[in-house]
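Asks: One structure is given below, represented as structure tokens, and several questions about it will come after.
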Amino acid sequence: MTELTPIRRGRCAGAGNWQTQYQALQMTAREAAELIRDGDTAAFAAMSNWPWELDGALAERLLETGGHIAIYGHFIPAGTRLLTPELAGQVTYDSNFYGVERGLEPMGNVHYAPSNLSQTPAWLLARRPRVAALTCSLPDENGWMSRSLWGTALSRKVLEQCELVLAEVNPRMPNIPSDGEAHTRIHVSEVDGIIESSRPLVETPIAAGNETDSRIAGYIADLVPDGACIQLGLGGLANTVGECLAHAGKRDLGVHTEILSTGVMELMRRGVVNNSRKQTCPGRSVYANMVGGPELWAFAHENPAFCQKEIDWVNDARNIARNDHVVSINNAMEIDLTGQVNAESIGPRQYSGTGGQLEWVVGSQWSKGGKSILALRSSYRDKAGVLHSKIVPQLAPGSVVTTPAPASSMW
Numbered sequence: 008m009t010e011l012t013p014i015r016r017g018r019c020a021g022a023g024n025w026q027t028q029y030q031a032l033q034m035t036a037r038e039a040a041e042l043i044r045d046g047d048t049a050a051f052a053a054m055s056n057w058p059w060e061l062d063g064a065l066a067e068r069l070l071e072t073g074g075h076i077a078i079y080g081h082f083i084p085a086g087t088r089l090l091t092p093e094l095a096g097q098v099t100y101d102s103n104f105y106g107v108e109r110g111l112e113p114m115g116n117v118h119y120a121p122s123n124l125s126q127t128p129a130w131l132l133a134r135r136p137r138v139a140a141l142t143c144s145l146p147d148e149n150g151w152m153s154r155s156l157w158g159t160a161l162s163r164k165v166l167e168q169c170e171l172v173l174a175e176v177n178p179r180m181p182n183i184p185s186d187g188e189a190h191t192r193i194h195v196s197e198v199d200g201i202i203e204s205s206r207p208l209v210e211t212p213i214a215a216g217n218e219t220d221s222r223i224a225g226y227i228a229d230l231v232p233d234g235a236c237i238q239l240g241l242g243g244l245a246n247t248v249g250e251c252l253a254h255a256g257k258r259d260l261g262v263h264t265e266i267l268s269t270g271v272m273e274l275m276r277r278g279v280v281n282n283s284r285k286q287t288c289p290g291r292s293v294y295a296n297m298v299g300g301p302e303l304w305a306f307a308h309e310n311p312a313f314c315q316k317e318i319d320w321v322n323d324a325r326n327i328a329r330n331d332h333v334v335s336i337n338n339a340m341e342i343d344l345t346g347q348v349n350a351e352s353i354g355p356r357q358y359s360g361t362g363g364q365l366e367w368v369v370g371s372q373w374s375k376g377g378k379s380i381l382a383l384r385s386s387y388r389d390k391a392g393v394l395h396s397k398i399v400p401q402l403a404p405g406s407v408v409t410t411p412a413p414a415s416s417m418w
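What follows is the structure in structure tokens.
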């Protein structure tokens with residue numbers, strides 16, 4: 008394992024060992040909020056890595072004293088204090104992937120910024136945030152903290168640029184291995200303030216697939232050979248595909264994926280995924296973000312069969328293609344007869360985001376023996392019960408083309 012080296016000097020860097028620095032860096036959430044200036048720009052980590060204590064304290068301070076802050080990120084969790092109607096005139100939020108953001112957009116201060124998921128660090132760097140805030144695990148014996156679940160958009164390049172880095176340290180956050188190129192660890196000496204928290208982490212329930220999903224998943228499983236390196240998207244269909252792969256008796260599968268969920272955990276437990284035939288990080292399931300709950304987090308905690316990497320490394324099509332027989336499996340909302348794929352909007356209304364679909368389509372096709380699979384139900388019923396096709400002569404007016412026709416085709 009490659010020895011890690013801090014690249015940023017935090018407020019107490021060099022002031023004794025990391026334990027001494029940790030004590031000196033501790034502050035209350037209100038004290039941390041006071042370090043944020045009127046007019047600041049900030050990058051906040053997503054979902055389970057959202058800085059909840061700072062969120063509440065900063066919201067209170069803004070309500071008391073006025074001021075404005077611009078925040079950049081994606082995949083915000085539900086229930087944030089900063090993104091409420093009472094602060095709509097003081098907080099703006101730009102996101103390159105909508106989830107909860109979709110329901111907040113009518114407030115007028117939440118905006119979508121299109122980008123591929125691998126471009127998230129570059130997108131953040133271009134906005135030159137002065138502040139970065141995230142939740143981390145407890146330090147290990149060498150003072151390194153894990154960003155483990157959703158901290159990867161705040162890449163080390165972004166943290167290095169920021170003038171103020173605030174870390175919420177939560178013992179509930181798993182410490183998941185990450186090392187070598189594009190590791191996601193952050194050292195105590197690299198931060199400027201530590202807020203201790205024990206809040207429950209944000210869980211992401213995975214919807215169960217239905218009978219239609221099972222049929223689609225069965226077709227997909229037939230296209231996955233033994234020894235393939237798989238990327239599963241998010242949702243009930245992805246988990247159903249995992250179940251089908253296990254029941255189909257697949258062997259020696261590998262994992263290199265932007266989002267890892269409970270379906271991969273089950274494949275690892277059953278020995279279907281062992282990563283034995285991968286060319287990069289053999290023996291380890293590589294991921295950027297993790298969704299699920301306590302069972303998955305406990306399974307991944309200090310488990311050497313996992314390795315978290317930065318999103319701009321995981322989703323780089325060149326790195327995807329370094330593994331042979333990559334099979335990427337992603338969802339779509341609508342496909343037209345030319346092969347154009349819409350996976351993110353309902354007409355002109357932004358529903359989710361570009362995410363990593365295009366880079367996985369390209370990367371898997373560049374892989375030796377690889378293939379890209381885009382899955383969707385062929386039809387749906389509207390609120391009136393009328394049946395509509397999702398395979399259409401042309402995409403609905405205003406729809407976003409997530410994947411262009413030449414990239415979606417299979418020969």
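Take 8 as the starting number for the sequence shown in the working numbering and just add one per residue. Glycine included, C-beta positions come from ideal geometry on N, C-alpha and C. Keep in mind that this is a model prediction, so the values were computed, not measured.
Please give the ranges of any beta strand (DSSP E) in the region 263-315, keeping only runs that are unbroken, at least 3 residues long and fully inside the region.
Replies: Runs of the beta strand (DSSP E) inside the region 263-315: 292-297, 313-315.
Asks: Going by alpha carbons, who is nearest to Leu-141 out of Leu-61, Lys-164, Asp-101, Ala-66?
Replies: Leu-61
Asks: Under the rule that 16 or more other beta-carbon atoms within 10 Å means buried, what is Ser-205, buried or exposed?
Replies: exposed
Asks: Measure the beta-carbon distance from Asn-349 to Ser-415 and round it to whole angstroms, keeping in mind my assumption that it falls under 8 angstroms.
Replies: Incorrect: roughly 11 angstroms between the Cβ atoms, too far for contact.
Asks: To test your reading of the DSSP string, which unbroken alpha helix (DSSP H) runs of 4 or more residues are found completely within the region 318-385?
Replies: 318-321, 324-327, 364-373
Asks: What residues in its chain sit with their C-beta under 8 angstroms from that of Glu-265, if we drop five residues either side in the sequence?
Replies: Leu-124, Gln-238, Tyr-294, Ala-295, Asn-296, Ile-318, Val-321, Asn-322, Gly-362, Gly-363, Trp-367, listed in sequence order.
Asks: Using the three-state DSSP reduction, which class does Gln-238 fall into: helix, strand or coil?
Replies: strand
Asks: Leaving out the 5 sequence neighbours to the left and right, which residues in its chain are closer than 7 angstroms to Glu-246 when beta-carbon positions are compared?
Replies: Checking the sequence shown, residue 246 turns out to be Asn, not Glu. Within the same chain, Asn-246 has close Cβ partners Ile-213, Gly-216, Ser-268, Thr-269, Gly-270.
Asks: Compare the C-alpha of Glu-273 against each of Glu-67, Thr-345, His-254 and name the closest.
Replies: Considering only alpha carbons, the answer is His-254.
Asks: Is Arg-5 helix, strand or coil when you go by DSSP?
Replies: Outside the displayed range of the chain (8 to 418) lies residue 5, so it cannot be described from this structure.
Asks: Looking at C-alpha atoms only, which residue of Tyr-79, Ser-196, Glu-167, Lys-164 is the closest neighbour of Leu-32?
Replies: Ser-196
Asks: For Arg-88, name the three-state secondary structure that DSSP assigns.
Replies: DSSP places Arg-88 in the coil class of the three-state scheme, outside both helix and strand.
Asks: Would you kindly work out how many angstroms separate the C-alpha atoms of Ser-396 and Ser-386, rounded to a whole number?
Replies: 4 angstroms
Asks: Which runs of the beta strand (DSSP E) spanning at least 3 residues fall entirely within the region 24-87, listed in chain order?
Replies: 47-51, 76-80
Asks: Considering only the alpha carbon of each residue, which of Ile-342, Tyr-119, Glu-203, His-332 lies closest to Gly-377?
Replies: Taking only the C-alpha atoms, the option nearest Gly-377 is His-332.
Asks: Use the C-beta contact count for Pro-404: other C-beta atoms within 10 angstroms, 16 or more gives buried, fewer gives exposed.
Replies: exposed
Asks: Can you say whether Lys-316 is buried or exposed, counting buried as having 16 or more other CB atoms within 10 angstroms of its CB?
Replies: buried
Asks: Relative to the alpha-carbon of Ile-202, which residue among Ala-174, Phe-104, Gly-290, Gly-243 has its alpha-carbon at the smallest distance?
Replies: Ala-174
Asks: Rounded to a whole number of angstroms, what is the C-alpha to C-alpha distance between Ala-324 and Val-369?
Replies: 6 angstroms
Asks: Taking the CB atoms as reference points, tell me whether Tyr-420 and Tyr-119 lie closer together than 8 angstroms.
Replies: There is no way to answer for residue 420, as the model of the chain reaches only from 8 to 418.
Asks: Give every residue of the same chain whose Cβ lies closer than 6 angstroms to the Cβ of Trp-57, excluding the five residues on either side of it in the sequence, and list them in chain order.
Replies: Pro-84
Asks: If distances are taken between C-alpha atoms only, which option among Leu-11, Arg-388, Thr-410 comes closest to His-194?
Replies: Looking at the Cα atoms, Leu-11 is the closest of the given residues.
Asks: Which same chain residues end up closer than 7 angstroms to Asp-389 when comparing Cβ atoms and leaving out the 5 residues on each side of it in sequence?
Replies: Excluding sequence neighbours, Asp-389 sits near His-395.
Asks: Would you kindly check if the distance between the Cβ of Ser-185 and the Cβ of Arg-179 is under 8 angstroms?
Replies: no
Asks: Taking just the CA atoms, how far does Asp-45 sit from Val-421?
Replies: Nothing about residue 421 can be reported from this structure: the residues present for the chain run from 8 to 418 only.
Asks: Under 8 angstroms: do the region 126-136 and the region 17-26 share three or more Cβ pairs, one atom per stretch?
Replies: no
Asks: Taking the C-alpha atoms as reference points, what is the distance between Val-408 and Glu-250?
Replies: 30 angstroms
Asks: In angstroms, rounded to a whole number, what distance separates the CA positions of Ala-224 and Ile-380?
Replies: Distance between the alpha carbons of Ala-224 and Ile-380 is about 11 angstroms.
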